[in-house]
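Notes follow once the structure below has been shown.
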Amino acid sequence: DQQVKQNSPSLSVQEGRISILNCDYTNSMFDYFLWYKKYPAEGPTFLISISSIKDKNEDGRFTVFLNKSAKHLSLHIVPSQPGDSAVYFCAASLLTTSGTYKYIFGTGTRLKVLA
Amino acid sequence: DAGVTQSPTHLIKTRGQQVTLRCSPKSGHDTVSWYQQALGQGPQFIFQYYEEEERQRGNFPDRFSGHQFPNYSSELNVNALLLGDSALYLCASNWGSGANVLTFGAGSRLTVL
Numbered sequence: 001d002q003q004v005k006q007n008s009p010s011l012s013v014q015e016g017r018i019s020i021l022n023c024d025y026t027n028s029m030f031d032y033f034l035w036y037k038k039y040p041a042e043g044p045t046f047l048i049s050i051s052s053i054k055d056k057n058e059d060g061r062f063t064v065f066l067n068k069s070a071k072h073l074s075l076h077i078v079p080s081q082p083g084d085s086a087v088y089f090c091a092a093s094l095l096t097t098s099g100t101y102k103y104i105f106g107t108g109t110r111l112k113v114l115a
Numbered sequence: 116d117a118g119v120t121q122s123p124t125h126l127i128k129t130r131g132q133q134v135t136l137r138c139s140p141k142s143g144h145d146t147v148s149w150y151q152q153a154l155g156q157g158p159q160f161i162f163q164y165y166e167e168e169e170r171q172r173g174n175f176p177d178r179f180s181g182h183q184f185p186n187y188s189s190e191l192n193v194n195a196l197l198l199g200d201s202a203l204y205l206c207a208s209n210w211g212s213g214a215n216v217l218t219f220g221a222g223s224r225l226t227v228l
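Those protein sequences? They're chains A and B, same order as listed. Note that the working numbering has the first sequence beginning at 1, numbered continuously upward. Note that the working numbering has the second sequence beginning at 116, numbered continuously upward.
See below:
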């Protein structure tokens, strides 16, 4: 049961335009959402996060939107740059009975920014 | 300030063998989680260690086991390797309680022949 889904395996965008990456989740108990970027031969690196009590968080060119009623979040990159080309993972966390947080990842979207 | 370090970076094993992967968490972090990332997939949660105990476990068989040491470093052991165990194994660390950012290592690429 994939609780976090990224339905677009790939996305191509022209340099300077907006990139929109989408993520859907099924568990309403998730309370914290994160986006990670991964280059080949490297581990995922943290990009931006949002708490479930907010609907928007912005950091420079990156903005994450959360729609709890739709169980949907999106990452906007404006303007897109060739260096943004990578695989982007959406992740969600929830508090477990052991008192720690468990993080579940989506399958990723490969973004290619064309120069 | 060193981030998460993993070793070895690459290794090749044959079916039936056993493997041990190692992870040192980021300074100040006390919780370590292990993930398996198969080709074209997202990271799949294996288990999490906190205070030297396994706190959470994903849908992985008992062939996958781990340990956390008093200095918070961790090991992942896989017994009776199968071809399907070939993957990138990622270690991530964070600070115990509270939802916060996972910091990942570069991973250990395991190939099972």
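Where is the CB? At the ideal position from N, CA and C, for every residue including glycine. Computed from a prediction, not measured in an experiment: that's the story for all the values here.
Under a CB-based cut-off of 8 Å, is A:G83 close to chain B?
Looking up residue 83 of chain A in the first sequence gives position 83. No, no contact with chain B.
Would you mind stating whether B:G181 and B:Q159 have Cβ atoms separated by less than 8 Å?
Locating residue 181 of chain B in the second sequence gives position 66, where the first residue counts as 1. Locating residue 159 of chain B in the second sequence gives position 44, where the first residue counts as 1. No, the Cβ-Cβ distance between B:G181 and B:Q159 is not below 8 Å.
What separation, rounded to the nearest whole angstrom, lies between the Cα atoms of A:Q6 and B:Q133?
As a position in the first sequence, residue 6 of chain A is number 6, starting the count at 1. As a position in the second sequence, residue 133 of chain B is number 18, starting the count at 1. Approximately 34 Å, taken between the alpha carbons.
Is the Cβ of B:Q151 closer than 8 Å to any Cβ of chain A?
To locate residue 151 of chain B, count along the second sequence from 1; it is residue 36. No, because no Cβ of chain A sits closer than 8 Å to the Cβ of B:Q151.
Assuming B:T218 and B:K128 make a contact with CB atoms under 8 Å, what is their CB distance in whole Å?
Walking along the second sequence from the start, residue 218 of chain B turns up at place 103. Walking along the second sequence from the start, residue 128 of chain B turns up at place 13. Going by Cβ atoms, the distance from B:T218 to B:K128 rounds to 27 Å, so no, they are not a contact pair.
At a CB-CB cut-off below 9 Å, which residues of chain A make contact with B:F219?
Taking the second sequence and counting its residues from 1, the one referred to as residue 219 of chain B is at position 104. Ordered by position in chain A, the residues that pass the 9 Å Cβ test against B:F219 are Y36, K38, E42, G43, P44, T45 and F46.
Output yes if chain B places a C-beta closer than 8 Å to the C-beta of A:Y88; else output no.
What you label residue 88 of chain A is simply residue 88 of the first sequence in a count that begins at 1. Answer no: the Cβ-Cβ gap between A:Y88 and chain B never drops below 8 Å.
Buried or exposed: where does A:G43 fall if 16 or more other Cβ atoms within 10 Å of its Cβ makes it buried?
Your numbering for residue 43 of chain A matches position 43 in the first sequence. Buried is the call here.
Can you name, in chain order, every residue of its own chain whose Cβ lies under 6 Å from the Cβ of B:Y187, other than the five neighbours on each side?
Start at 1 with the first residue of the second sequence, and residue 187 of chain B comes out as number 72. Result list for B:Y187: P140 and D145, in chain order.
At the 8 Å Cβ level, is B:F175 part of the contact set with chain A, yes or no?
Position 60 of the second sequence holds residue 175 of chain B. Not one chain A Cβ lies under 8 Å of B:F175.
Since B:L205 meets chain A, which of its residues come closer than 7 Å, beta carbon to beta carbon?
Along the second sequence, one-based indexing puts residue 205 of chain B at 90. Those within 7 Å of B:L205 in chain A are G43.
Run through chain A and tell me which residues come within less than 8 Å of B:T146, C-beta to C-beta.
For the purposes of this step, residue 146 of chain B is taken as residue 31 along the second sequence, with counting starting at 1. Within 8 Å Cβ-Cβ: T100.
At a Cβ threshold of 8 Å, is B:V193 touching chain A?
As a working note, residue 193 of chain B is residue 78 in the second sequence. Judged by the 8 Å Cβ criterion, B:V193 is not in contact with chain A.
Please say whether A:K56 and A:V87 have beta carbons closer to each other than 8 Å?
In the first sequence, residue 87 of chain A corresponds to position 87, counting from 1. In the first sequence, residue 56 of chain A corresponds to position 56, counting from 1. In this structure, A:K56 does not lie closer than 8 Å to A:V87 by Cβ.
Could you tell me how far apart the beta carbons of B:S223 and B:Q121 are, in whole angstroms, since I believe they sit closer than 8 Å?
For the purposes of this step, residue 223 of chain B is identified with residue 108 of the second sequence, where counting begins at 1. For the purposes of this step, residue 121 of chain B is identified with residue 6 of the second sequence, where counting begins at 1. B:S223 to B:Q121, Cβ: 5 Å. Contact.
Look up A:G83 in the DSSP assignment and say whether it is helix, strand or coil.
Locating residue 83 of chain A in the first sequence gives position 83, counting from the first residue. Of the three classes helix, strand and coil, the one that applies to A:G83 here is helix, per DSSP.
Do you know offhand how far A:L11's Cα is from A:I20's?
What you label residue 11 of chain A is simply residue 11 of the first sequence in a count that begins at 1. What you label residue 20 of chain A is simply residue 20 of the first sequence in a count that begins at 1. For A:L11 and A:I20, the distance between alpha carbons rounds to 9 Å.
Under 7 Å between beta-carbons, which chain B residues line up against A:I104? List them in chain order, please.
Mapped onto the first sequence, residue 104 of chain A falls at position 104. Under the 7 Å cutoff, chain B gives F160.
Give a yes or no on whether 8 Å exceeds the smallest Cβ distance from A:S49 to chain B.
By one-based count along the first sequence, residue 49 of chain A stands at place 49. For A:S49, the answer is yes, since a Cβ of chain B falls inside 8 Å of its Cβ.
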